[in-house]
RNA sequence: CGGGGCGUAGCUCAGUUUGGCUAGAGCGCAGCGUUCGGGACGCUGAGGCCGUAGGUUCAAGUCCUACCGCCCCGACCA
């Protein structure tokens with residue numbers, strides 16, 4: 001992609017509307033723009049990151065044996081009344097009346113919808129287990145949207161649901177998801193803490209949260225100094241370890257994932273039952289597994305930045321390489337830039353060519369701000385010695401390489 | 001919803017305390033020239049319903065009232 005052909009509105013200064021690090025960098029690097037508090041447009045660069053995150057999520061969900069589907073965001077309120085959750089969720093649910101007078105809401109989550117769907121096609125234990133997931137926009141009229149994408153009223157979530165014939169099956173799926181989640185966050189370049197957590201309005205008895213330690217995180221996790229046991233911190237809880245009683249320390253975190261053993265809360269309420277081998281009718285046993293996909297983008301930025309901007313982990317980077325021709329009026333420089341560009345494209349490497357008529361400093365600053373993992377700088381200096389200058393955004397190290405070795409050296413940086 | 005902060009050019013801000021004549025700067029943008037490996041320099045220029053609506057006053061960006069919007073703290077959550 002050529003810089004002049006896409007839309008990357010970078011900002012030199014921190015916008016007044018942002019306070020947290022990820023919010024500032026999201027705006028400065030031209031990844032998103034706010035429409036109103038809690039609703040954001042994803043610009044080309046931001047969407048590329050989002051797509052990369054979604055691809056990782058898809059690969060790992062598929063590896064867990066889950067199948068992707070897509071449920072409606074538009075939902076009849078009636079289905080929520082059947083589980084009583086219209087009351088639990090209350091004002092957070094965005095509700096309105098359609099032209100037929102039907103009460104409708106925009107889905108804040110999808111347990112009711114998926115359970116209703118599955119209940120209509122479930123009759124035998126032979127159909128179980130089954131795990132379904134989707135990546136979809138959720139709508140929540142949050143009391144206070146915050147920190148840009150971290151708490152938005154419209155956000156993208158991956159939600160998965162497991163259906164089992166017994167507790168043992170649920171345990172197995174739960175463990176598989178737990179492991180899958182760890183791989184997802186690792187591939188996203190994140191250090192995470194996992195904690196035992198309250199199930200809240202989701203119901204069920206067991207739940208775990210996946211927390212990204214970050215100074216701007218709105219949650220607090222207690223980490224035991226001795227046994228490393230972790231627990232979501234709630235006001236009033238003692239500040240020592242629930243397991244060994246030793247002193248625990250507080251760590252600010254962003255919650256990026258939460259998995260629940262739901263049991264039969266939804267299947268019982270919505271009649272999702274099956275006949276077991278003895279011919280007995282049982283409610284299906286469920287689990288649900290969420291990841292805040294758009295929130296993940298913020299969390300990744302929170303953990304991967306420096307004074308100059310974002311440092312994208314390689315798998316989520318919007319482009320893997322940026323080529324910086326320092327003088328676009330110099331035909332030799334542009335020839336070199338274009339030939340490298342073509343070679344990278346031909347090798348399937350996502351590359352951005354900064355073909356703007358800007359001074360070197362501007363290009364360096366923007367390249368660092370938007371956080372592309374590998375820079376190739378092309379100027380008269382390097383051309384004269386017949387070498388290519390390659391820089392790692394993360395290590396902030398320049399190396400001069402032979403043109404024939406370029407591809408190999410780039411792969412060493414971007415994996 | 002309660003508490004705090006903010007709202008002036010595309011962006012970041014000064015000016016509001018103590019009302020006064022034609023509303024400013026830097027960056028960005030357009031043109032010309034000089035530059036050209038770390039956000040260059042000079043000159044010229046375009047760009048404002050000072051968040052909105054009322055009010056006070058001879059006079060309001062500045063004072064008063066209401067409303068709107070954004071940010072931060074609290075209840076909520078991926």
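Numbering (our numbering), first residue to last: 1 to 415.
Ideal Cβ positions, reconstructed from N, Cα and C, are used throughout, including at glycine.
Quiz item: With distances taken from CA atoms, which of 152, 71, 226, 348 is nearest residue 415?
Solution: The shortest C-alpha separation from residue 415 is found at 348.
Quiz item: DSSP three-state call for residue 147: helix, strand or coil?
Solution: Here residue 147 carries a coil assignment [DSSP, helix/strand/coil].
Quiz item: Since residue 288 sits in a beta bridge, which residues does DSSP pair it with?
Solution: Paired residues: 161, 260.
Quiz prompt | Status (buried if at least 16 other CB within 10 Å, exposed otherwise) for residue 1 | solution = Residue environment: residue 1 is assigned as buried (16 or more neighbouring CB atoms within 10 Å of its CB, all protein chains considered).
Exercise. Within 10 angstroms of the Cβ of residue 281, are there 16 or more other Cβ atoms? Answer buried if so, exposed if not.
Key: Residue 281 sits exposed, since fewer than 16 C-beta atoms from the chains shown fall within 10 Å of its C-beta.
Self-check item: Secondary structure of residue 416, DSSP reduced to three states
Solution: Absent from the model: residue 416. The displayed extent of the chain is 1 to 415, so no value can be given.
Quiz item: Can you check whether the CB of residue 315 is closer than 8 Å to the CB of residue 56?
Solution: In contact: residue 56 and residue 315 (Cβ atoms closer than 8 Å).
Quiz item: Can you give the beta carbon distance from residue 54 to residue 150, rounded, assuming they're within the 8 Å contact cut?
Solution: Incorrect: roughly 18 Å between the Cβ atoms, too far for contact.
Quiz item: Just to confirm, are residue 310 and residue 25 a CB contact at a threshold of 8 Å?
Solution: Yes, the pair counts as a contact, with Cβ atoms nearer than the cut-off.
Practice problem: Pull up the distance between the alpha-carbon of residue 92 and that of residue 143, whole angstroms please. | Solution: Cα to Cα, residue 92 sits roughly 7 Å from residue 143.
Practice problem: Give the straight-line distance between the Cα atoms of residue 271 and residue 72, rounded to the nearest whole angstrom. | Solution: Cα-Cα distance, rounded: 20 Å.
Practice problem: List the DSSP bridge partners of residue 34. | Solution: DSSP lists 40 as partners of residue 34.
Practice problem: Ignore the nearest five residues each way along the sequence and tell me which others in residue 374's own chain have a CB closer than 6 Å to its CB. | Solution: Setting aside the 5 residues that flank it on each side, residue 374 is surrounded in the same chain by 321, 410, 413, 414, each with a C-beta closer than 6 Å to its C-beta; the list follows chain order.
Quiz item: Which word fits residue 382, buried or exposed, when buried means at least 16 other C-beta atoms lie within 10 angstroms of its C-beta?
Solution: Burial call: buried.
Self-check item: One or two residues paired with residue 309 in a DSSP bridge
Solution: Bridge partners of residue 309: 306.
Practice problem: Return the chain-ordered list of same chain residues with a C-beta closer than 7 Å to the C-beta of residue 77, the five sequence neighbours on each side being excluded. | Solution: Closer than 7 Å at the Cβ level, and outside the excluded window around residue 77, lie 86, 95, 103, 104, 105.
Quiz item: What are the boundary residues of the beta strand (DSSP E) that residue 391 is part of?
Solution: 388 to 392 is the span of the beta strand (DSSP E), which, as asked, contains residue 391.
Self-check item: Touch test, the region 111 to 120 against the region 257 to 266, Cβ-Cβ under 8 Å, three pairs minimum
Solution: In this structure the region 111 to 120 touches the region 257 to 266; the number of beta carbon pairs closer than 8 Å is three or more.
Quiz item: In terms of residues, what are the limits of the beta strand (DSSP E) holding residue 175?
Solution: Taken as a continuous stretch (DSSP letters only), residue 175 belongs to no beta strand (DSSP E), being part of the alpha helix (DSSP H) at 167 to 187.
Practice problem: Determine the direct distance from the alpha carbon of residue 387 to that of residue 159, and round the result to whole angstroms. | Solution: Residue 159 and residue 387: Cα-Cα distance of roughly 49 Å.
Exercise. Could you check the C-alpha separation between residue 323 and residue 40 for me, to the nearest Å?
Key: Going by the C-alpha atoms only, they are around 29 Å apart.
Quiz prompt | Anticipated Cβ contact below 8 Å, residue 194 with residue 232, distance rounded | solution = Residue 194 to residue 232, Cβ: 10 Å. No contact.
Quiz item: Helix or strand or just coil, what does DSSP make of residue 498?
Solution: In this structure the chain extends from 1 to 415, so residue 498 is not present and cannot be described.
Quiz item: Expressed to the nearest angstrom, what Euclidean distance is found between the alpha-carbon atoms of residue 90 and residue 140?
Solution: Their Cα atoms are separated by approximately 10 Å.
Quiz item: Contact check, residue 22 vs residue 147 under 8 Å by CB: the rounded distance?
Solution: Residue 147 and residue 22 do touch by the CB rule: their CB atoms are close to 7 Å apart, below 8 Å.
Quiz item: By Cβ distance below 8 Å, which residues in the same chain neighbour residue 378 in space, the five residues on each side in sequence not counted?
Solution: Within the same chain, residue 378 has close Cβ partners 323, 324, 325, 326, 333, 336, 337, 340, 388, 389.
Exercise. Can you grab the Cα-Cα spacing for the pair residue 189 / residue 328, in whole Å?
Key: Taking the straight line joining both Cα atoms gives about 34 Å.
Quiz prompt | Minimum C-alpha distance to residue 346 - residue among 30, 295, 407, 221 | solution = Among 30, 295, 407, 221, the Cα nearest to that of residue 346 belongs to 407.
Quiz item: Taking the beta strand (DSSP E) that residue 133 falls in, what are its first and last residues?
Solution: Looking at the DSSP string, the run of the beta strand (DSSP E) that includes residue 133 is 130 to 139.
Quiz item: Taking C-beta to C-beta, are residue 192 and residue 60 nearer than 8 Å?
Solution: No.
Quiz item: Per DSSP, residue 219 is paired with what?
Solution: DSSP lists 253 as partners of residue 219.
Quiz item: To which residues of the same chain is residue 187 closer than 7 Å at the C-beta, ignoring the five residues directly before and after it?
Solution: So the list reads 56, 315, once near-sequence residues are dropped.
Practice problem: Round the Cβ separation of residue 285 and residue 99 to the nearest angstrom and send it over; I've been treating them as touching at under 8 Å. | Solution: Actually they do not touch by this definition, with Cβ atoms about 39 Å apart.
Quiz item: Can you check whether the CB of residue 245 is closer than 8 Å to the CB of residue 64?
Solution: For residue 64 and residue 245, no; Cβs fall outside 8 Å.
Quiz item: Looking only at DSSP bridge pairs, what is residue 213 linked to?
Solution: Residue 213 pairs with 253.
Quiz item: Mind checking residue 361: buried by the 16 CB within 10 Å criterion, or exposed?
Solution: Exposed is the call here.
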